[in-house]
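> So the sequence shown is numbered by our numbering: it starts at 8 and just counts up by one.
Cβ atoms here follow ideal geometry from the backbone N, Cα and C, with glycine treated the same way.
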Amino acid sequence: MNLDLKGKTAIVCGSSQGLGFESASKIAAMGANVILFSRNEEKLKTALTRLDNSKGQKHSYLIADFNYPDQVREAIEAFLKEGASVQILVNNSGGPKGGPLLEATESEFIEAIHRHLICSHILVKALIPSMKASGFGRIINIISTSVKQPIAGLGVSNTTRGAMASWSKTLAAEVGPFGITVNNVLPGYTRTARYDQLMHASSLKTGKPVEELEKAMIESIPLRRVGNAADFGAVVAFLCSPSAGYISGTNIPVDGGRLLCL
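1. On the DSSP bridge list, what partners appear for residue 193?
2. I'd like to check one pair, residue 189 with residue 200: are the Cβ atoms closer than 8 Å?
3. Relative to the C-alpha of residue 267, which residue among 227, 162, 243 is closest?
4. Just to confirm my understanding: we take residue 139, look at its own chain, exclude 5 residues before and 5 after, and list those with CB closer than 7 Å. What are they?
5. Please state the DSSP three-state secondary structure of residue 75.
6. Buried or exposed: residue 262, going by 16 or more other Cβ atoms within 10 Å of its Cβ?
7. Should the stretch 27-43 be regarded as contacting the stretch 232-241, the criterion being three or more beta carbon pairs within less than 8 Å?
8. Give me the residue from 103, 192, 70 with the minimum Cα distance to residue 47.
9. Tell me, please, which residues DSSP counts as bridged to residue 239.
10. Using beta-carbon positions only, say whether residue 154 and residue 193 come within less than 8 Å of one another.
11. Check for me: the beta strand (DSSP E) holding residue 202 runs from which residue to which?
12. Identify every residue that forms a DSSP beta bridge with residue 68.
13. With DSSP as the reference, identify every bridge partner of residue 20, one or two as the case may be.
14. Need the endpoints of the alpha helix (DSSP H) that residue 129 sits in, please.
15. Across which residues does DSSP place residue 144 in a beta bridge pair?
16. Measuring only the C-alpha atoms, how far is residue 221 from residue 25?
17. DSSP puts residue 97 in a beta bridge; with which residues?
18. State the CB to CB distance for the pair residue 195 and residue 80, rounded to an integer number of angstroms; the pair is presumed to be in contact (CB under 8 Å).
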């Protein structure tokens, strides 16, 4: 099985921590040069020091706030003007604010669409030419199991992730003839800062301790544990590899078997 990414360059968004960082870490360990892309420079600097460089990889970072698509556009255009070639893109951004659908404001929808769909589209349009030129391209979108089964209390997130999934499926058909694959990886319950925020919010809303809520949650997972970011990052990294070259247009849950749908 060919998992070698030496000579490839990957941009991983939202990669200063959590699922994004673990994905970047696994991709770097397979030999790729990794460009971390997030808004917090101090966290990016720290994350950069933790990436494997034993195969001579050259890692760096880009800075932009994904709430402002123009910042993302400016950052990627400046990077490409330096003559960079990118073969792998991992789209990932912080989840929208939780809450019932009917309590969401129009501005919350607009912000979420900008952060996820618009920024992803900007990056794809910028990077597809170098993927075509390389004859190799991997686009991975980190979204949510809600594209298969909506999650109660995450109205804006469910809606936005669904839009991302449809965008991704359409993109896979358009770029497939150029040897470019497009896949979505769907995290289930995974220990990240986002997970902690949602658990805390649920505790405040229900009046139940976090421990009690987590116990019930774990009982809904066939593997009987909450996932960790390394579990997830390994799947993302595999989809970037040459051996994953015939997988495209898919939604892949990494959720311990929790989803009830096929």
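Reading it off the structure:
1. Against the sequence shown, residue 193 aligns to sequence position 186. 260, per the DSSP bridge assignment.
2. For this step, residue 200 is matched to residue 193 along the sequence shown. For this step, residue 189 is matched to residue 182 along the sequence shown. For residue 200 and residue 189, no; Cβs fall outside 8 Å.
3. The count along the sequence shown starts at 1 and reaches residue 267 at position 260. Of the listed residues, the one whose Cα sits closest to residue 267 is 227.
4. On the sequence shown, position 132 is the one that residue 139 refers to. Around residue 139: 185.
5. In the sequence shown, counting from the first residue as 1, residue 75 sits at position 68. Of the three classes helix, strand and coil, the one that applies to residue 75 here is coil, per DSSP.
6. Residue numbering aside, residue 262 sits at position 255 when the sequence shown is read from its first letter. Result: buried.
7. yes
8. Counting from 1 along the sequence shown, the entry for residue 47 is found at position 40. If we check each option's Cα against that of residue 47, 70 comes out closest.
9. Here residue 239 corresponds to residue number 232 of the sequence shown, with the count starting at 1. For residue 239, which the question treats as bridged, DSSP gives no partner whatsoever.
10. If you number the sequence shown from 1, residue 154 lands on position 147. If you number the sequence shown from 1, residue 193 lands on position 186. A contact, by the Cβ cut-off of 8 Å.
11. Along the sequence shown, one-based indexing puts residue 202 at 195. Premise fails: residue 202 lies in the alpha helix (DSSP H), 200-213, not in any beta strand (DSSP E).
12. Counting from 1 along the sequence shown, the entry for residue 68 is found at position 61. Answer is 43, bridged to residue 68.
13. Taking the first residue of the sequence shown as 1, we reach residue 20 at position 13. Residue 20 is bridged to 44.
14. On the sequence shown, position 122 is the one that residue 129 refers to. 126-141 is the extent of the alpha helix (DSSP H) around residue 129.
15. Taking the sequence shown and counting its residues from 1, the one referred to as residue 144 is at position 137. Beta-bridge partners assigned by DSSP to residue 144: 187.
16. Counting from 1 along the sequence shown, the entry for residue 221 is found at position 214. Counting from 1 along the sequence shown, the entry for residue 25 is found at position 18. One C-alpha to the other measures close to 19 Å.
17. To locate residue 97, count along the sequence shown from 1; it is residue 90. Its beta-bridge partners are 19, 147.
18. As a first step, residue 195 is located in the sequence shown; it is residue number 188 there, counting from the start. As a first step, residue 80 is located in the sequence shown; it is residue number 73 there, counting from the start. With 8 Å as the limit, residue 195 and residue 80 do not qualify as a contact, their Cβ atoms being about 32 Å apart.
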